[in-house]
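Sequences listed follow chains R and L, in order. Heads up: the first sequence is residues 1 to 218, going by our numbering. Heads up: the second sequence is residues 219 to 436, going by our numbering.
Protein chains: 2
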Amino acid sequence: MRKVLGNLTYGLYALGVEAGGRKNMCIVNTAIQVSSEPAKITVALSKNNFSHDLVKEAKKFSISILDQETDREIFGRMGFSSGKDKDKFEDFPYGEDELKNPYLNQALGVLSAKVTDMVDVGSHTLFVGEVVQAIALKEGTPLTYTYYKQVKKGTVPKNAPTYAAATEEPKKQESATKRYRCAVCGYIYQENLPFEQLAEDYKCPVCNASKAAFKTVE
Amino acid sequence: MRKVLGNLTYGLYALGVEAGGRKNMCIVNTAIQVSSEPAKITVALSKNNFSHDLVKEAKKFSISILDQETDREIFGRMGFSSGKDKDKFEDFPYGEDELKNPYLNQALGVLSAKVTDMVDVGSHTLFVGEVVQAIALKEGTPLTYTYYKQVKKGTVPKNAPTYAAATEEPKKQESATKRYRCAVCGYIYQENLPFEQLAEDYKCPVCNASKAAFKTVE
Chain R
1 MRKVLGNLTY GLYALGVEAG GRKNMCIVNT AIQVSSEPAK ITVALSKNNF
51 SHDLVKEAKK FSISILDQET DREIFGRMGF SSGKDKDKFE DFPYGEDELK
101 NPYLNQALGV LSAKVTDMVD VGSHTLFVGE VVQAIALKEG TPLTYTYYKQ
151 VKKGTVPKNA PTYAAATEEP KKQESATKRY RCAVCGYIYQ ENLPFEQLAE
201 DYKCPVCNAS KAAFKTVE
Chain L
219 MRKVLGNLTY GLYALGVEAG GRKNMCIVNT AIQVSSEPAK ITVALSKNNF
269 SHDLVKEAKK FSISILDQET DREIFGRMGF SSGKDKDKFE DFPYGEDELK
319 NPYLNQALGV LSAKVTDMVD VGSHTLFVGE VVQAIALKEG TPLTYTYYKQ
369 VKKGTVPKNA PTYAAATEEP KKQESATKRY RCAVCGYIYQ ENLPFEQLAE
419 DYKCPVCNAS KAAFKTVE
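Below you can see the structure in the form of structure tokens.
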């Protein structure tokens with residue numbers, strides 16, 4: 001089943017939400033338009049996700065549409081850490097829509113929605129929202145989930161509905177070189193140059209974490 | 219708003235459904251996975267769509283995942299005519315899943331789902347379904363809606379949530395050549411060779427309709 005589900009196509013977005021003065025952002029791949037009159041979009045969020053609780057409370061969210069030029073730092077900052085533990089917006093410039101949700105200034109555009117329906121679908125809640133504001137920011141090529149995985153070598157946060165544990169376990173290398181995994185995002189370093197020989201200012205190519213964040217893979 | 223919504227990413231699928239002995243298939247771009255445990259998918263269907271009524275009645279559907287090699291004929295047969303008026307499966311080989319829904323033999327794979335929730339979202343109904351069967355058929359590259367529009371020069375059926383009337387009205391050519399529109403799928407012929415000079419066995423590049431199906435655009 002996992003193999004067939006893996007052929008479904010997704011874009012990649014940053015969901016922003018503000019509830020009672022608290023704001024958060026996370027990376028999602030499940031935003032689509034589901035109705036034309038009125039224009040409605042849906043997004044599925046894991047119940048383990050801090051943004052899930054904020055959207056449920058505030059009944060609104062923004063969707064920032066990422067493009068292929070999106071800074072890697074965004075995935076580390078917004079996608080692989082929880083807003084429960086830290087303020088994702090510290091020293092980070094962002095915009096605010098008319099519903100007070102944060103959005104990414106560097107996105108192609110932003111859709112802001114008021115939640116009209118919530119459906120409990122198991123591990124996730126499906127939020128349906130009517131689009132009340134659309135902001136066009138720049139021209140560019142939308143980032144797809146496939147491009148993120150294949151070209152940007154991105155990995156999948158555990159709370160994505162499409163998460164498969166197997167994606168974190170690439171084939172073992174034939175050489176005896178030790179492999180290192182980024183503890184922040186799960187990216188596995190497996191280039192020919194041994195990890196130990198990388199410069200000290202090496203950063204994770206997915207989430208921009210420092211070299212010190214890498215641990216040996218058993 | 220239309221411009222920003224246009225940056226959302228979609229795949230392209232054939233939805234199959236059987237209800238009380240009647241079966242139908244249509245082309246959709248709104249299938250995504252929304253939960254991992256249990257695995258659930260959603261699809262949005264226009265209330266004007268014959269398949270909509272069948273899915274509502276039978277509470278089940280199949281999603282055949284199209285790939286870039288998909289025969290053009292599929293879009294004409296399944297996407298631009300209604301199953302109310304004709305049997306889309308006449309002289310057409312197809313598979314049947316364990317829920318008796320038809321599926322495309324030439325797809326990458328098939329997901330079959332039992333409907334667990336239905337949400338009225340305006341012009342469309344959002345169907346949530348638990349995946350009960352997955353059939354892997356072949357390897358290939360999933361067809362995206364963008365690829366379909368840009369490379370296959372496909373047009374959008376009026377019942378798609380992402381339908382925008384403007385997509386059917388390309389810029390007028392500078393030359394005085396008359397333009398012809400395919401009455402089946404809406405494709406507009408605007409190559410340099412005048413339409414009248416095309417061979418009599420010319421077929422619409424989108425839906426495979428005959429030359430006779432083209433009408434002059436005013």
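The C-beta atom is built at its ideal place from N, Cα and C for all residues, glycine as well. No experiment lies behind these values; they were computed from the predicted model shown.
- Item | Cα-Cα separation, PHE413 (chain L) to VAL402 (chain L) | 17 angstroms
- Task: Give a yes or no on whether 8 angstroms exceeds the smallest Cβ distance from HIS342 (chain L) to chain R.
- Result: yes
- Query: Do we get a CB-CB distance below 8 angstroms when we pair VAL217 (chain R) with the residues of chain L?
  - Reply: no
- Message: Could you check whether VAL252 (chain L) and PHE279 (chain L) sit closer than 8 angstroms to each other, using their CB atoms as the reference points?
- Response: no
- Just by C-beta distance, which residues in the stretch 5-35 of chain R are closer than 7 angstroms to chain L? LEU5, ASN7, LEU8, THR9, TYR10, GLY11, THR30, ALA31, ILE32, GLN33, VAL34, SER35
- Query: Looking at the structure shown, is LYS302 (chain L) part of a helix, part of a strand, or coil, going by DSSP?
  - Reply: coil
- Roughly how many whole angstroms lie between the Cα atoms of VAL273 (chain L) and THR155 (chain R)? 35 angstroms
- Straight-line gap, ALA331 (chain L) to GLN351 (chain L) (C-alpha atoms, nearest Å): 7 angstroms
- Is there a Cβ from chain R that is less than 8 angstroms from the Cβ of ILE292 (chain L)? no
- Could you give the distance in angstroms between the alpha-carbon of ARG240 (chain L) and the alpha-carbon of PRO311 (chain L)? 16 angstroms
- Task: Please list the partners that VAL339 (chain L) has in chain R, where partner means a Cβ-to-Cβ separation under 7 angstroms.
- Result: VAL34, SER35, LYS40, VAL128
- Kindly list, in the order they appear in chain R, the residues whose Cβ is closer than 8 angstroms to that of GLY327 (chain L). LYS3, VAL4, ASN7
- Task: Using a Cβ-Cβ cut-off of 8 angstroms, state whether TYR180 (chain R) counts as contacting chain L.
- Result: no
- Sheet register partners of LEU344 (chain L) (DSSP bridge): L:ALA262, L:VAL337
- Query: Relative to chain L, which residues along the stretch 150-164 of chain R have a C-beta separation below 7 angstroms, given in chain order?
  - Reply: PRO161, THR162, TYR163
- Task: May I have the straight-line CA-CA distance separating PRO256 (chain L) from LYS100 (chain R), to the nearest angstrom?
- Result: 34 angstroms
- Message: Across the stretch 326-343 of chain L and the stretch 298-307 of chain L, are there enough close Cβ pairs to call them in contact, namely three or more that are closer than 8 angstroms?
- Response: no
- Message: In whole angstroms, give me the CA-to-CA distance for GLU200 (chain R) and LYS158 (chain R).
- Response: 28 angstroms
- Query: Could you give the distance in angstroms between the alpha-carbon of CYS425 (chain L) and the alpha-carbon of TYR405 (chain L)?
  - Reply: 8 angstroms
- Is GLU169 (chain R) helix, strand or coil when you go by DSSP? Only weak support exists for where GLU169 (chain R) lies, its pLDDT of 43 falling under 50; the value from the coordinates is given anyway. Here GLU169 (chain R) sits in coil by DSSP.
- Message: I need the DSSP call for SER175 (chain R), collapsed to helix, strand or coil.
- Response: Low per-residue confidence applies at SER175 (chain R): pLDDT is 49, beneath 50, and the placement is therefore not dependable enough to give any value.
- Message: If we define contact as Cβ-Cβ less than 8 angstroms, is PRO142 (chain R) a contact residue for chain L?
- Response: yes
- Run down chain R in chain order and give the residues with a C-beta less than 7 angstroms from the C-beta of ASP335 (chain L). VAL119
- Task: Could you name the residues that DSSP lists as bridge partners for LEU329 (chain L)?
- Result: L:ILE281, L:ALA352
- Query: What three-state label does DSSP hand PHE432 (chain L) in the structure shown?
  - Reply: strand
- Query: Looking at the structure shown, is TYR148 (chain R) part of a helix, part of a strand, or coil, going by DSSP?
  - Reply: helix
- Task: Could you check how far apart the C-beta atoms of VAL435 (chain L) and TYR398 (chain L) are, in whole angstroms? I think they sit under 8 angstroms.
- Result: 7 angstroms
- Query: Just to check, is the beta-carbon of PHE279 (chain L) closer than 7 angstroms to a non-hydrogen atom of the ligand GDP?
  - Reply: Absent from the structure shown: the ligand GDP. Ligands present: none.
- Message: Under 8 angstroms, Cβ to Cβ, is there at least one residue of chain R near LYS389 (chain L)?
- Response: At LYS389 (chain L) the pLDDT is 46, less than 50, meaning the model places this residue with poor confidence; the figure from the coordinates comes in the next sentence. No, LYS389 (chain L) lies away from the interface with chain R (no Cβ there is under 8 angstroms from its Cβ).
- Can the beta-carbon of PRO360 (chain L) be found less than 8 angstroms from the beta-carbon of ASN7 (chain R)? yes
- Message: Run through chain L and tell me which residues come within less than 9 angstroms of VAL131 (chain R), C-beta to C-beta.
- Response: MET219, VAL222, LEU223
- ALA209 (chain R), DSSP secondary structure in three states: coil
- Message: Let's see if you can read the secondary structure: which residues bound the alpha helix (DSSP H) around LEU223 (chain L)?
- Response: 220-223
- Task: Report the three-state DSSP secondary structure of GLU200 (chain R) (helix, strand or coil).
- Result: coil
- Item | Member of L:GLN368, L:GLU409, L:ILE281, L:ASN410 whose CA lies at the smallest distance from the CA of ASP315 (chain L) | L:ILE281
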